[in-house]
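Input: a single structure, listed below in structure tokens.
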Amino acid sequence: MRRSQIRTVGLLAFLAALLLQPITAHAVTFQEIARFDVAGSSDVNGGSYIGNNPSAVAWNGRQLYIAGFNSSGGTADTAIVEVTNALSTGLQVATLGPAFGALSTPNLRGYSGLDLGIYANSGLPGLTAAYDDGAADPNGIQLFDASSNLLVWTKNARGGSGVTFDPGFPGGDPAFGEGVAWTTFGSGRRALQDDATGADIWTTSNGMIFTAGASTFNRDMDFDPDTGDIYVRAANDLTKATRTGDNSVSGPSNIVNNAANAPFVNGQNLSFLSNTVVGDLLVYNDRAATGSAPFSAVVKAVDTSGAALPLSFALIGGGSPADGIGYYDFDFDPTTQTLALMDFANRNVHIFQVAPEPSSVGLALLGGIAALARRRELQH
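Note that the working numbering has the sequence shown beginning at 167, numbered continuously upward.
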């Protein structure tokens with residue numbers, strides 16, 4: 167056997183042994199595939215102006231939207247804009263469409279949430295938005311046709327607690343379980359609008375009760391698309407309630423209990439990541455204050471019972487995500503298994519791929535080295 171062949175056999179044996187070593191359970195790695203600089207959306211003289219900073223993101227694997235927040239010190243417009251080069255990879259300056267949904271907004275207010283889904287059983291993408299000016303507003307909950315970005319309907323509400331599409335209860339009646347879901351401060355209930363017309367299906371008076379009782383300073387919500395289970399951020403806690411019907415849940419509990427340590431801090435968000443290579447999980451930001459905070463101390467992941475998961479982010483070009491003020495928003499597309507992460511302070515939107523399990527990475531590496539070794543043998 168040649169010396170090169172001996173080295174190859176030894177290397178392959180080492181890698182095979184490595185693959186047999188225990189893998190850290192449920193470790194989650196996000197591989198960055200694109201990063202969009204969206205600072206152009208804060209240019210007050212441009213046609214894509216949404217506010218001083220992005221405050222909400224929506225992503226469905228094809229379309230990417232951000233909405234804005236006003237921190238100008240006075241009244242100013244906040245709006246929504248589409249990132250039109252959303253399918254680009256690598257480091258990108260976002261190409262922005264014209265802003266829409268512009269509303270005159272008090273200082274330190276703006277859009278609290280966005281979500282993309284299919285509306286009106288039409289097969290057309292719909293973009294729903296939650297807007298907060300400090301009180302109930304005729305435009306508090308909105309739905310736009312995402313093929314044209316034209317407004318379809320509005321709902322008078324205080325939209326300070328995010329918005330999302332409710333997948334309904336498996337085996338239930340879509341007319342009573344599916345639609346645009348939202349809640350508001352002081353309510354422990356999920357309200358539901360007909361996604362075609364905006365008409366009430368369930369309200370903040372008779373919608374299903376999800377609160378675990380600690381706080382109703384709700385900031386964001388999301389659903390498990392397979393079960394309809396609901397997850398809510400309130401006062402920096404993370405609450406789960408198990409779906410039992412179109413308008414019913416059981417066992418609300420704080421699966422992440424921070425003792426409601428930040429009821430008056432906005433920008434506490436989450437996203438449910440379904441059917442990933444490490445199972446179902448949630449990503450959220452632990453935002454107990456509004457000051458500067460390391461990214462690594464804020465962005466966290468848990469499984470559906472609230473157990474913390476090891477989390478890492480592999481950026482294009484290396485390094486670590488920039489620190490900010492703890493204000494991030496998230497949206498996961500289960501089809502492409504990609505996560506959009508919006509960074510308020512640094513005006514970036516990252517697109518991450520949920521990385522394959524370490525065993526898969528190892529097998530790919532093993533195959534690659536074997537092929538390389540074979541090429542070397544053929545050259546001798």
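Beta carbons are placed, not taken as given, at the ideal position from N, Cα and C, and that holds for glycine.
Could you say which of Tyr494, Gly472, Ala401 lies nearest to leucine 447 if we only look at CA atoms? Walking along the sequence shown from the start, residue 447 turns up at place 281. Residue Gly472 is the option with its Cα nearest to leucine 447.
Go to phenylalanine 335, then tell me how far its beta strand (DSSP E) extends in each direction, as first and last residue. Taking the sequence shown and counting its residues from 1, the one referred to as residue 335 is at position 169. Where phenylalanine 335 is concerned, there is no enclosing beta strand (DSSP E), given that its DSSP letter is neither H nor E.
Could you tell me whether the Cβ atoms of threonine 370 and threonine 350 are closer together than 8 Å? Counting from one through the sequence shown, the residue named residue 370 turns up at place 204. Counting from one through the sequence shown, the residue named residue 350 turns up at place 184. Cβ atoms of threonine 370 and threonine 350: closer than 8 Å.
At which residue ranges does the segment 435–507 contain complete alpha helix (DSSP H) runs of 4 or more residues, listed in the order of the chain? The segment 435–507 contains, as complete alpha helix (DSSP H) runs of 4+ residues, the segments 461–464 (chain order).
Excluding sequence positions up to five away, which residues of its chain have a Cβ less than 6 Å from the Cβ of aspartate 489? Residue 489 sits at position 323 when you count from the first residue of the sequence shown. Excluding sequence neighbours, aspartate 489 sits near Pro460, Phe461.
In three-state terms, what does DSSP make of alanine 530? As a working note, residue 530 is residue 364 in the sequence shown. With a pLDDT of 40 at alanine 530, under the threshold of 50, the modelled position of that residue is not reliable, and the figure given next carries that caveat. Under the three-state reduction of DSSP output, alanine 530 falls in the helix class.
Using 8 Å as the threshold, is the segment 280–295 in touch with the segment 311–331, meaning 3 or more CB pairs across them? Flag = yes, the segment 280–295 and the segment 311–331 touch.
Measuring CA to CA, which of Thr470, Gly325, Asp495, Gln503 is closest to asparagine 420? As a first step, residue 420 must be located in the sequence shown, where it is residue number 254. When each option's Cα is compared against that of asparagine 420, the closest is Thr470.
Does DSSP classify aspartate 281 as helix, strand or coil? Here the question's residue 281 lines up with position 115 in the sequence shown. When DSSP states are grouped into helix, strand and coil, aspartate 281 belongs to the strand group.
Quick check on the DSSP output: the beta strand (DSSP E) that includes proline 304 runs from which residue to which? As a first step, residue 304 must be located in the sequence shown, where it is residue number 138. Per DSSP, proline 304 belongs to the beta strand (DSSP E) from 303–311.
Buried or exposed for arginine 513, going by 16 or more other Cβ atoms inside 10 Å? Translated into the one-based positions of the sequence shown, residue 513 becomes position 347. Arginine 513 counts as buried, since no fewer than 16 other beta carbons sit within 10 angstroms of its beta carbon.
If we count the other Cβ atoms within 10 Å of its Cβ and call it buried at 16 or more, is leucine 280 buried or exposed? Here residue 280 refers to the residue found at position 114 of the sequence shown. Note on leucine 280: 16 or more other CB atoms within 10 angstroms of its CB, so buried under the neighbour-count rule.
Using a 10 Å radius around the Cβ and a threshold of 16 neighbouring Cβ atoms, would you call aspartate 339 buried or exposed? Locating residue 339 in the sequence shown gives position 173, where the first residue counts as 1. Burial call: exposed.
Going by beta-carbon coordinates alone, are glycine 276 and glycine 217 separated by less than 8 Å? In the sequence shown, residue 276 corresponds to position 110, counting from 1. In the sequence shown, residue 217 corresponds to position 51, counting from 1. In contact: glycine 276 and glycine 217 (Cβ atoms closer than 8 Å).
With DSSP collapsed to three states, give me the class of glycine 343. In the sequence shown, residue 343 corresponds to position 177, counting from 1. The three-state reading of DSSP puts glycine 343 in helix, counting H, G and I together.
Measuring straight from C-alpha to C-alpha, what distance separates isoleucine 396 and tyrosine 231? Walking along the sequence shown from the start, residue 396 turns up at place 230. Walking along the sequence shown from the start, residue 231 turns up at place 65. Rounded to whole angstroms, isoleucine 396 to tyrosine 231 spans 23 Å at the Cα level.
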